[in-house]
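Take a look at the structure set out below.
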Amino acid sequence: TGAFFGASLMLDRARAYPMVQTLIEDIAKGEIKVVIDREFPLSEANAAHAYIESRQAFGRVLLMP
């Protein structure tokens with residue numbers, strides 16, 4: 004699962020900040036797990052995008068420097 008903050012919420016920082024802060028705290032406490040599916044080197048950014056667009060990704064796809 005994931006979280007989507009629409010553009011209207013991102014423009015309303017007074018509303019967005021407490022929500023994001025709560026998410027960060029929950030992650031730090033281990034109440035929310037961030038699932039990392041794959042890591043790609045930055046030089047393979049095209050492959051990472053293709054992987055995401057193929058809808059095979061189960062969790063987060065990371066680009067590593």
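Residue 68, in the working numbering, is where the sequence shown stops; the numbers in between run on with no holes. C-beta: ideal position from N, C-alpha, C; glycine also.
Excluding sequence positions up to five before and after residue 55, its CB lies within less than 8 angstroms of the CB of 64, all in the same chain and listed in chain order. If you draw a 10 Å sphere on the C-beta of residue 31, you find fewer than 16 other C-beta atoms in it, and that means exposed.
In this structure residue 51 is in contact with residue 43, their Cβ atoms being roughly 4 angstroms apart against a cut-off of 8 angstroms. Look at residue 34 here: in three-state DSSP terms it is coil, with no helix or strand label. In the DSSP assignment, residue 61 forms no beta bridge with any residue.
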